[in-house]
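Working notes, structure below.
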Amino acid sequence: MGEGKAHQGRPLVVRYIVLMTVVAVVLIGLFGELSYREQSRQMEAQMLAEARVLEKSVRATWDFIDYEQPNINYDRDGSYNFKGLYCSLVGKSVGKLFTMSTDNQYVLRYTRLDPRNALDEPDAFESAALDAFYDEGVSEYTGFVENEAGKREFRYVGAIYLTESCLDCHGGPAGELDVTGFPKEGLQVGDIGGAVSISMPTDLYQAGINRNTLLIIGFFVLFLTVTFGTSLLFFRRRVTGPLAGLKMAVGQMGRGNFRAPVPETGHVREIDELTRGVKAMAGELESLYTTLEEKVDMRTRLYRETNQMLEEQREALARANALLEETNGKLAQENEYRTNIVAILSHELRTPLTSILAFVDLWETSGEEHSRESRECLEKIKTQSQVLLEMVNNALDMVRVESGAVEVAREPIDAVDLAAAVVGAIEPVAQRKGVDVSFEVSPDVPLIRGDWAQMEKILGNLLSNAVKFTDAGGNVRFETTFQSEGARLVFTVADTGIGIASDRLEGIFDRFVQADASISRKYRGSGLGLSLVKKTAEALGGTVSVQSEEGRGSTFTVNLPVELLEEVDDEDIDCR
1 MGEGKAHQGR PLVVRYIVLM TVVAVVLIGL FGELSYREQS RQMEAQMLAE ARVLEKSVRA
61 TWDFIDYEQP NINYDRDGSY NFKGLYCSLV GKSVGKLFTM STDNQYVLRY TRLDPRNALD
121 EPDAFESAAL DAFYDEGVSE YTGFVENEAG KREFRYVGAI YLTESCLDCH GGPAGELDVT
181 GFPKEGLQVG DIGGAVSISM PTDLYQAGIN RNTLLIIGFF VLFLTVTFGT SLLFFRRRVT
241 GPLAGLKMAV GQMGRGNFRA PVPETGHVRE IDELTRGVKA MAGELESLYT TLEEKVDMRT
301 RLYRETNQML EEQREALARA NALLEETNGK LAQENEYRTN IVAILSHELR TPLTSILAFV
361 DLWETSGEEH SRESRECLEK IKTQSQVLLE MVNNALDMVR VESGAVEVAR EPIDAVDLAA
421 AVVGAIEPVA QRKGVDVSFE VSPDVPLIRG DWAQMEKILG NLLSNAVKFT DAGGNVRFET
481 TFQSEGARLV FTVADTGIGI ASDRLEGIFD RFVQADASIS RKYRGSGLGL SLVKKTAEAL
541 GGTVSVQSEE GRGSTFTVNL PVELLEEVDD EDIDCR
C-alpha cells in the first residue's frame, strides 16, 4: 500500500503551480535583465550626449578666445602687447571653475602628451584615448571606469585639432620660444594638440536605473500573480474539480459498482466528452462482466486442451529424439565399419602391389637379356601397379584424414631439402614423359618447424598431378616463398598442361571429382589427390587455391602457417 502511494504522481494543481512558478521566475529574470540592459544603454547614450554638450561648450569658449586674440593682444594704437590671455589658459580655467562648481563631481580638464604644465599630465584612461587618436584616427574615446574612491564614473575624451592661430605657440620652427616662453613643437594645422577630458559620476543614473528596474519587475510580478491566480482558480473549478468527481466514480467502478453516479460537469467540452466516455465505459464493463465467468470457463477449457496437446507433442518429440539418437549410433557404427573395411582393403592391396613392383625392379636389374615384348609388358605392369599403388595410398590417407587420426608433427625443416626431396621423387616420371621439372626456394625462407611427411604428401600429389596432365615438351615450376606477416610458407606449383575450364574449378577439390570424365579415362586416377591435398592442408591450418585456364596450364598455391626456428643445433636438422 505504501509503495503504491510512493509511486503516485503529484496532483495536477500542484504540477500547474510548480510549472507556472518556474515560468514566472524565468520570465521575470529575463524581463528584468533586458530592462536593466536597455536602461544602462540609454544611460550611456545620455551621458555621452551630456559630455558632448560640455565639450562643445568648452570648445565654444576656446574658439571665442581664439577669435578675439587680435583684439586682446593689440592696443588701440595698433601695437602688439601680449596680455597672457590665450586659448588653452582660458579653457583650463573654465574647466577648473566648472569642476569647482559641481563640488568636484564633474571634472573638466585639458590634457596632452608632453604637456607644458605638470597638471595637464594624462592619466591611464587619457593616455589610452590619446593613443587611439594617433593610432586609430578616432576623435572621441569613452568608457566606464572606477575612480580612486571606488565609485563608477563615465569618462569622455575629445580630441583638439590645431587651427591656424594655434601655430603661434605650437607651430614652427620647432624649439623657438613662443610668446608664453615655451619652445614650439613644430606642429601643423590639423595635428592633435591635446584633448578635453570629462569625468561624470554615474551614481544618480545608476540609482534611477535600479529604481525603475525594481518598479518594472514589481509590476510584472503583480501582473503574473494576478494572471496565474485567476487561471488557477478557473483551472480548479472547471478542470480538476470535475476530474476528481470522475476519479471517485471510476474508483467505485473498479470495485465492481458499475452503476456508480457520474457527476455532470456542463462547463468544459472536453470534460463533458470524458464524462460521456466514462458512462459508456461503465455500461460496456457491466455488459462484459455479466459474461466474464462463461468466457473464463471457456478459456480455461481451451487452455487445458492446449496443454494436453503440448504434452502429447513433447512425448512425440522425445520419441523422435530417441529414434534419432539410435539412428546416429547406427550411422556412426556403419561409418566405423566402412573406415575399417577401406583401411583393411587398402592395406591388403598395398602389400601385394609393393611386392609386384619389387619383383619388377629385380627383374629389370637381373642383367638377363629380355625381349622387347617382355620389357614392354613389364613396363606396363610397373606403370599400372604404380598408378594403382598411388590410388591405394590416397584412399588410405583420405580415410586417416577424415577419421581425424592425423597427428601433426613439429620437426626442424629446411625448405630447400624438402623441395629437393619432392622434386627428386617425381623427376624420373617427368623425364620418361619428356616434361621439364624445376624448383626455386626464395632466399628469405627461414628454417621452420613443421610436419615433413604431410608437406611432402601435399607437394607430391600436386607435382604428380602437374606432370601427369602436362604433355611432352611442357614444364612444371615449383616455387617456395615466405610471408613474414603471420609467418606463413607459400608453395606454388605451376604447369603448362591441359588446364581446367573455369566452370569446373568450383568442385575440383571434391572427392572422386576430375575436371572431365574423358580425362579420367585418359590419365587414370581415383580423383582423391586434390581432395587429399585440401584436407591435409586444412589439417595443418592452411589453405589451397587454384588458378587455371583451359589449354594453358594450372597454378596451385598452398599457404601454410609455420613456426620459425631461430636457433637450431646441427644435430636437430634433418636434411632427409
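First residue of the sequence shown? That's 1 in the UniProt record's numbering, and the numbers climb one at a time after it.
Where is the CB? At the ideal position from N, CA and C, for every residue including glycine.
Of the residues assessed, phenylalanine 182 falls on the exposed side of the cut-off, its CB having fewer than 16 other CB atoms within 10 angstroms.
The C-alpha of glycine 29 is placed about 12 Å away from the C-alpha of leucine 214. Straight-line spacing of the CA atoms in leucine 310 and leucine 292 works out to 26 Å. Looking from the CA of valine 437, the closest CA among Ala421, Lys380, Ala149 belongs to Ala421. Taking a 10 Å sphere around the C-beta of threonine 275, we find 16 or more other C-beta atoms and assign the residue as buried.
Exclusion of the five residues before and after arginine 109 leaves Gly95, Ser197 as the residues of its chain whose Cβ lies within less than 6 Å of its Cβ. Residues Glu390, Ile426, Val429, Gly529 of the same chain have their beta carbon placed closer than 8 Å to that of serine 464, with the five preceding and five following residues left out of the count. Contiguous beta strand (DSSP E) elements confined to the region 103-128 occur at 107-111, taking only those with 3 or more residues. Counting every other CB atom within 10 Å of its CB across the protein chains shown gives arginine 112 a total of 16 or more, marking it as buried. Of the candidates Leu187, Gln39, Val493, Thr202, Thr202 places its Cα closest to the Cα of glycine 150. Residue range 203-235 is occupied by the alpha helix (DSSP H) that includes aspartate 203.
Secondary structure of threonine 163 (DSSP, three-state): coil.
When only Cα atoms are considered, arginine 504 and lysine 468 end up about 18 Å apart. The closest CA to that of phenylalanine 144, considering only Leu48, Asn210, Leu418, is found on Leu48. Take glutamine 206, set aside five residues on each side of it, and the residues of its chain with a beta-carbon closer than 8 Å to its own are Met43, Arg152, in chain order.
Threonine 480 is a Cβ neighbour of valine 445, given a cutoff of 7 Å.
Distance check between glycine 194 and each of Glu284, Glu411, Leu540, Cys87 places Cys87 closest, using alpha-carbon atoms only. Judged by DSSP in its simplified three-state form, arginine 76 adopts coil rather than helix or strand. Per DSSP, leucine 530 lies in no beta strand (DSSP E) segment; the continuous alpha helix (DSSP H) that holds it begins and ends at 529-539.
Around the beta carbon of glutamate 185, a 10 Å sphere encloses 16 or more other beta carbons of the protein chains shown; the residue is thus reported as buried.
At a Cβ-Cβ threshold of 7 Å, leucine 187 and leucine 204 do not count as neighbours.
Annotation: isoleucine 498 is outside any beta strand (DSSP E) and is labelled neither H nor E by DSSP.
Taking all protein chains in view, the Cβ of alanine 159 is crowded by 16 or more other Cβ atoms within 10 Å, so the residue is classified as buried. Per DSSP, reduced to three states, the secondary structure at arginine 152 is strand.
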